[in-house]
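Residue numbers for the sequence shown follow UniProt numbering, so the first one is 1 and each next one is one higher.
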Amino acid sequence: MPHKNIQIFDTTLRDGEQTPGVSFTPEMKIDIARQLDRLGVDVIEAGFPISSAGDKASVKDIASLGLDCTVCGLARVIKADIDACIDSDVKMVHTFVSTSDIQREHTIKKTREEVVEMAINAVEYIKGHGLECMFSAMDATRTDTDYLISIARAVEDAGADIINIPDTVGVSSPPTMRMLVSDVYRSVRIPIAVHCHNDFGLAVANSLAAVESGASQIQVTMNSLGERAGNADLSQTVMTLESVYGLETGIKTKYLVETARLIERYSGIQIPPTQPIIGANAFSHESGIHSHGVIKESKTFEPGIMTPEMVGHQRRLVLGKHTGKHAVKKILNDAGLEPSDKELNAILERVKDLGDKGKKVTDVDLYAITEAVMGEV
Ligand code: KIV
Ligand code: ZN
């Protein structure tokens, strides 16, 4: 049985900023943190303080804003990293170490036993400073499961408050994630989070599978930003948990689109029009059949369990070669124009003609066509 309340841990300012080409200024980071807090996330991972003086200063600035959410800093299982988080005044330290053989052998060059010892020392050090502690077994989905469970138990005994299972290179699948999270869930008493990357486009699906097996916190980013193909998308994860699974996240979903647009502006990464929930086309209809349907009853060609209003979006009827009479009539009537049937047919013909030429028909085009037709007829 999934938990009814799922916590949202946002890492837009940390993993999101690791998107190639993205670098937020300190002022942008403050704006983003305030907006995420307004959105209602539970935790903001504000940065990786040891990585640069600027990052450390920004994490400290965010920690001093007095936000409702918990502000967290990232640290390897190294004292200097943890000290940088402590100096930044965060309430929570997210400490991580590679647990898969491939990463252990090629990056940190430590034995399994040494990794467990480093993890325990880091957790005890964080807890000794009275801070909340999240422990991440980096590359957990490529880690031997018995070893993953043994390190999870060890950090739990050392005082960790929550254990995170990252799918660091996005290789998991929903059935695998379901099994792995179940195994860890049965082995520890502390809550479980997951952190899924999107290399195969499965980050949201894998996060949902984890929830099905008992994870109670999901790590996400706005607009799917993050290393390589990004992280699990906040908007998609939250709306699916709320509208499809019937669970609660505490996110004020009406702020999703405005938050996504702020991140788009600051990151310089454009939201694709077809992006679910927040993309420009998410509630747009072009085909005559669809437009006619939604004019009569929006649920005909929209999910219904999610409306544009719920996410701060707007329904749009878009004109093109697939447009039908009902959409043109509705747009013109809404603008106070009452073309006759004959005029409407002539307007539609010209709209389709432009669409057939591969042109996007804007409202300005429609009004120019209408004026020409109504003036002519
Ligand atoms: O992808 C990853 O494993 C991470 C860790 C730091 C949690 O970002
Ligand atoms: Zn990551």
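Backbone N, C-alpha and C fix where the C-beta goes; we use that ideal spot for every residue, glycine too. Fair warning: this is a prediction, and the values are worked out from it, not measured in the lab.
Listed in chain order, the non-local C-beta contacts of Glu309 below 8 Å within the same chain comprise Lys254, local neighbours out to five positions each way being set aside.
For secondary structure counted as the alpha helix (DSSP H) over 4 or more consecutive residues, the region 296–347 holds these complete runs in sequence order: 325–334. Bounds of any alpha helix (DSSP H) do not take in Met222, whose DSSP letter is neither H nor E. Not one heavy atom of the ligand KIV lies closer than 7 Å to the C-beta of Phe200. By the Cβ test, the region 183–191 is in contact with the region 155–172, since at least three Cβ pairs between them sit closer than 8 Å. With fewer than 16 neighbouring CB atoms inside 10 Å of its own CB, Glu338 falls in the exposed class. Counted as a single uninterrupted DSSP element, the beta strand (DSSP E) harbouring Thr70 occupies residues Thr70 to Arg76. Under the three-state reduction of DSSP output, Asn5 falls in the strand class. By the C-beta density criterion, Arg14 is buried, having at least 16 other C-beta atoms within 10 angstroms. Within the region 123–193, complete alpha helix (DSSP H) segments of at least 4 residues are found at 145–158 and 174–187, given in chain order. Residue side-chain check: Asp89 keeps its Cβ at 7 Å or more from all non-hydrogen atoms of the ligand KIV. At a threshold of 7 Å, Asp68 does not count as near the ligand ZN, since its beta carbon sits no closer than that to any of the ligand's heavy atoms. Glu114 has its alpha-carbon roughly 13 Å from the corresponding atom of Ser150. Inter-residue distance for Gln219 and His195 is about 5 Å (C-alpha atoms, whole angstroms).
Boundaries of the alpha helix (DSSP H) around Thr259: Leu256 to Ser267.
Counting along the chain, Glu45 sits inside the beta strand (DSSP E) bounded by residues Val43 to Gly47. Here Val364 is actually not in contact with Val351; their C-beta atoms are around 13 Å apart, not less than 8 Å. Contact annotation: the region 54–65 does not touch the region 92–101, with fewer than three C-beta pairs closer than 8 Å.
Between Phe283 and Gln236, the gap from beta carbon to beta carbon reaches 8 Å or more.
Inclusion of Ala232 and Ser213 in the CB contact set at 8 Å is not warranted, their separation being larger than that value. When secondary structure is reduced to three states using DSSP, Gln275 falls in the coil class, being assigned neither helix nor strand.
Of all alpha-carbon atoms in Ala203, Gly170, Val318 and Gly358, the one lying nearest the alpha-carbon of Leu366 is that of Val318. Here the distance from the Cβ of Gly226 to the nearest heavy atom of the ligand ZN is below 7 Å.
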